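Undergrad: Residue numbers (my numbering), protein chains in the order written: chain A, 1 to 43; chain B, 1 to 340. Don't be surprised by glycine CBs; every beta carbon is placed ideally from N, CA and C. Quick caveat: nothing in here was measured; it's all calculated off a predicted structure.
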Amino acid sequence: MSNLRDPYKHLLGWWKNIDDGWQAVLLGGVALLAVMIGVPIPW
Amino acid sequence: MNHRFFAGLGFLLAIGLTARLLSTVLPVNHLIVTVLLGLLIGNLYGIPAWAQTAVETHTLWLELGIVVMGASVALDRIFEAGSVIILLVIITVVATTLLIEFLARAVFTIHEETGSLLAAGSGICGVSAVVAVAESITADESRIAYAAATVIIFDAMTLFIYPLVGHTLELSNTVFGIWAGLTMFSTGPVAAAGFAFSDTAGQWALLAKLTRNSLIGFVAVVYAFSYAQKTSSGTSGATKHGDSTPSHTVQWKFLWRSFPKFVLGFVGMIAVANTGLLTSRQLTSLSHLSDWAFLLAFAGLGLEIQLADFRSTGYRPIVVVFTGWVVVASVMLLVVQILF
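If you want it as structure tokens, here you go:
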């Protein structure tokens, strides 16, 4: 169980350490990819 | 990232959705209602402990909203007005900074560090400029808090005043957006006021504001040089600024460190969207995501505005910033109206 959680903890630790500007760029990139493969976002 | 974080996000979302609902019966844009509702909850009941971590992420949502909003910006619009906006931004930043410095030092005799922090906060991008310049001149903690509180007061005020003035004077979307982007302080309130006026105004406001934000590193470096020079010519012994004489490598690193990285994402998104790679449906989806991100951001922004800050700053910094802001905002409104 702890092995499974390690990559998650690693990723979370890395995420928390990067600048929030880069976090926004990465999330924006993920959103762009999601929209490009057809995920609709309603309002 | 735990249950509390997601519960906190739910809290922000609940504020935003309630505001959207309220705005259907109130004659006010839902973004302004979101900030107001957050402000009311934050000041009447405080931020619940379990929501604190999520509320602190409101800057990230604002930046994500801006990055994704890049997909709605037409490149020809930037080519059309880009050079004029860059020129106006440089003039506004220099004029505001010098005017506030002059008022703080010569007219109201405020401590020079506080004056510089107020000048940077008013001239560039609010609290983040205060923090960046504070770091470059190694300012006192108490002065940083003082200047940041003053800037936040103006953020809260201008957020409501600008759309009111814009509608009263029947400004066009372009004029309102560029004027707000040039003369308001922090990015969040600029986006809220801009999009509260109209989508087009919001885009213009962010274009002007992000250009202004990009100058943050340059202004901080100029301040670092200025303070270091003053100290080295003033005293020969070791002083507070004496060991921070800037070297070029350090300054370039500082310049990059203070640069708002999300601006790169915004520019990248404009580039991708303008290649024609995305369908109109996909562009609409990205625009919706931007709206959701702004909703979370403005709920958090409202929650973090503490009215107690009004009492703690004293009147002199407020008068300094108010005088500078009235002069610059009035002159720039005329200039923008003539040019656009």
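Am I right that N213(B) and T187(B) are in contact with their C-beta atoms under 8 Å? What's the rounded C-beta distance?
TA: If you number the second sequence from 1, residue 213(B) lands on position 213. If you number the second sequence from 1, residue 187(B) lands on position 187. Rounded to the nearest angstrom, the Cβ distance from N213(B) to T187(B) is 6 Å, consistent with a contact under 8 Å.
Undergrad: Quick check on this structure: which residue in Y45(B), L169(B), I216(B) and Y162(B) has the alpha carbon closest to the alpha carbon of A191(B)?
TA: Residue mapping note: residue 191(B) aligns to position 191 of the second sequence, counting from 1. For A191(B), the nearest C-alpha among the options comes from Y162(B).
Undergrad: Please report the residue range of the alpha helix (DSSP H) in which Q306(B) lies.
TA: Here residue 306(B) is taken as the residue at index 306 of the second sequence, counted from 1. It is not in any alpha helix (DSSP H) - Q306(B) carries neither H nor E in the DSSP assignment.
Undergrad: Which whole-angstrom value describes the C-beta separation of F259(B) and G217(B), a residue pair presumed to lie in contact below a C-beta threshold of 8 Å?
TA: Along the second sequence, read from residue 1 onward, the residue named residue 259(B) stands at position 259. Along the second sequence, read from residue 1 onward, the residue named residue 217(B) stands at position 217. The pair is a contact, with the Cβ atoms about 5 Å apart (cut-off 8 Å).
Undergrad: Quick check on P27(B): buried or exposed, where buried means 16 or more other Cβ atoms within 10 Å of its Cβ?
TA: Taking the first residue of the second sequence as position 1, residue 27(B) is located at position 27. P27(B) is exposed by the Cβ-count criterion.
Undergrad: Comparing the C-beta of T59(B) with each C-beta of chain A, is any distance below 9 Å?
TA: Taking the second sequence and counting its residues from 1, the one referred to as residue 59(B) is at position 59. Yes, contact with chain A.
Undergrad: Scan the stretch 46-75 of chain B for residues whose Cβ lies nearer than 9 Å to a Cβ of chain A and list them as they occur along the chain.
TA: T57, T59, L60, W61, L62, E63, L64, G65, I66, V67, V68, G70 and A71
Undergrad: Within a Cβ cutoff of 6 Å, which residues of the same chain sit near A238(B), ignoring the five residues on either side of it in sequence?
TA: The sequence position of residue 238(B) within the second sequence is 238, counting from 1. Any reading at A238(B) must be qualified, since the residue scores a pLDDT of 42, below 50, and its modelled position is unreliable; no value is offered.
Undergrad: Following the continuous alpha helix (DSSP H) through L12(B), name the residue where it begins and the one where it ends.
TA: Walking along the second sequence from the start, residue 12(B) turns up at place 12. Where L12(B) is concerned, the enclosing alpha helix (DSSP H) stretches over H3 to L22.
Undergrad: Verify the CB distance criterion: does W22(A) have a CB-CB separation below 9 Å to chain B?
TA: Counted from its first residue, the first sequence places residue 22(A) at position 22. True, the Cβ-Cβ gap to chain B drops below 9 Å.
Undergrad: At the level of alpha carbons, what is the spacing between K16(A) and A51(B)?
TA: Mapped onto the first sequence, residue 16(A) falls at position 16. Mapped onto the second sequence, residue 51(B) falls at position 51. Annotation: K16(A) to A51(B) spans about 18 Å, alpha carbon to alpha carbon.
Undergrad: Are the CB atoms of A7(B) and A54(B) within a distance shorter than 9 Å?
TA: Along the second sequence, read from residue 1 onward, the residue named residue 54(B) stands at position 54. Along the second sequence, read from residue 1 onward, the residue named residue 7(B) stands at position 7. Pairing A54(B) with A7(B) gives a Cβ-Cβ distance under 9 Å.
Undergrad: Spatial neighbours of S136(B) within its chain, please: C-beta separation below 6 Å, excluding the five flanking residues on both sides.
TA: One-based indexing of the second sequence puts residue 136(B) at position 136. Cβ within range, chain order: A220, Y223 and A224.
Undergrad: Measure from the alpha carbon of I318(B) to the alpha carbon of each residue in T34(B), F154(B), I144(B) and L64(B), then state which is nearest.
TA: For the purposes of this step, residue 318(B) is identified with residue 318 of the second sequence, where counting begins at 1. Per the Cα distances, F154(B).
Undergrad: Count the other C-beta atoms from every protein chain shown that fall within 10 angstroms of the C-beta of E101(B), then say buried if there are 16 or more, exposed otherwise.
TA: Residue mapping note: residue 101(B) aligns to position 101 of the second sequence, counting from 1. Classification of E101(B): buried, given that the 10 Å Cβ count is 16 or more.
Undergrad: Does the Cβ of Q23(A) have 16 or more other Cβ atoms within 10 Å, making it buried, or fewer, making it exposed?
TA: The residue you call residue 23(A) lines up with position 23 of the first sequence. Buried: at least 16 other Cβ atoms inside 10 Å.
Undergrad: For a cutoff of 9 Å on Cβ pairs, would you count Q282(B) as touching chain A?
TA: Numbered from 1 along the second sequence, position 282 holds the residue referred to as residue 282(B). Chain A, which has a Cβ nearer than 9 Å to the Cβ of Q282(B), makes this yes.
Undergrad: Checking contacts by CB at 9 Å: is L286(B) closer than that to chain A?
TA: The residue labelled residue 286(B) in the question sits at position 286 within the second sequence. Yes, its Cβ sits closer than 9 Å to a Cβ of chain A.
Undergrad: Would you mind stating whether Q306(B) and G42(B) have Cβ atoms separated by less than 9 Å?
TA: Residue 306(B) sits at position 306 when you count from the first residue of the second sequence. Residue 42(B) sits at position 42 when you count from the first residue of the second sequence. Yes, Cβ-Cβ distance for Q306(B) and G42(B) is below 9 Å.
Undergrad: Give a yes or no on contact between the stretch 67-78 of chain B and the stretch 320-340 of chain B, applying the rule of three or more CB pairs nearer than 8 Å.
TA: no
Undergrad: In this structure, does DSSP put E56(B) in helix, strand or coil?
TA: For this step, residue 56(B) is matched to residue 56 along the second sequence. In the structure shown, E56(B) sits in coil (DSSP, three-state: anything other than H, G, I, E or B).
Undergrad: Under 9 Å between C-beta atoms, does W292(B) make it to chain A?
TA: Working through the second sequence from its first residue, we reach residue 292(B) at position 292. The Cβ of W292(B) sits closer than 9 Å to at least one Cβ of chain A.
Undergrad: Interface residues of chain B around P44(A) at Cβ under 9 Å?
TA: Outside the shown range of chain A (1 to 43) lies residue 44(A), about which nothing can therefore be said.
Undergrad: Which whole-angstrom value describes the C-beta separation of V67(B) and G28(A), a residue pair presumed to lie in contact below a C-beta threshold of 8 Å?
TA: If you number the second sequence from 1, residue 67(B) lands on position 67. If you number the first sequence from 1, residue 28(A) lands on position 28. Contact flag correct, Cβ pair sits at about 4 Å.
Undergrad: Do V84(B) and L334(B) have their CB atoms nearer than 9 Å?
TA: If you number the second sequence from 1, residue 84(B) lands on position 84. If you number the second sequence from 1, residue 334(B) lands on position 334. Taking 9 Å as the cut-off, the beta carbon of V84(B) is found no closer than this to the beta carbon of L334(B).
Undergrad: Leaving out five residues before and five after S290(B) in sequence, what residues of the same chain have Cβ atoms less than 6 Å from its Cβ?
TA: Taking the second sequence and counting its residues from 1, one reaches residue 290(B) at position 290. Answer for S290(B): G65, V68 and M69, listed in chain order.
Undergrad: For chain A, find out if any of its Cβ atoms is closer than 9 Å to the Cβ of F254(B); answer yes or no.
TA: Within the second sequence, the letter at position 254 stands for residue 254(B). So no, F254(B) is outside the interface.
Undergrad: At a Cβ threshold of 9 Å, is D19(A) touching chain B?
TA: The residue given as residue 19(A) occupies position 19 in the first sequence. Yes, D19(A) counts as interfacial toward chain B.
Undergrad: Might you give, ordered along the chain, the residues of its own chain that have their beta carbon closer than 8 Å to the beta carbon of F283(B), omitting 5 neighbours on each side?
TA: Walking along the second sequence from the start, residue 283(B) turns up at place 283. The displayed chain sequence assigns Leu, not Phe, to residue 283(B). So the qualifying residues of the chain are A71, S72 and A273.
Undergrad: Tell me which residue opens and which closes the alpha helix (DSSP H) that E101(B) is part of.
TA: Working through the second sequence from its first residue, we reach residue 101(B) at position 101. Run containing E101(B): L75 to F102, per the alpha helix (DSSP H) assignment.
Undergrad: Alpha carbon to alpha carbon, how far is R316(B) from M157(B)?
TA: Sequence index remark: in the second sequence, residue 316(B) carries index 316 (1-based). Sequence index remark: in the second sequence, residue 157(B) carries index 157 (1-based). Taking the straight line from one Cα to the other gives about 17 Å.
Undergrad: I want to know whether the stretch 19-34 of chain B touches the stretch 293-302 of chain B - three or more CB-CB distances under 8 Å.
TA: A contact exists between the stretch 19-34 of chain B and the stretch 293-302 of chain B.
Undergrad: Does DSSP put N274(B) in a helix, in a strand, or in coil?
TA: As a working mapping, residue 274(B) is identified with position 274 in the second sequence. DSSP places N274(B) in coil when its eight states are reduced to three.
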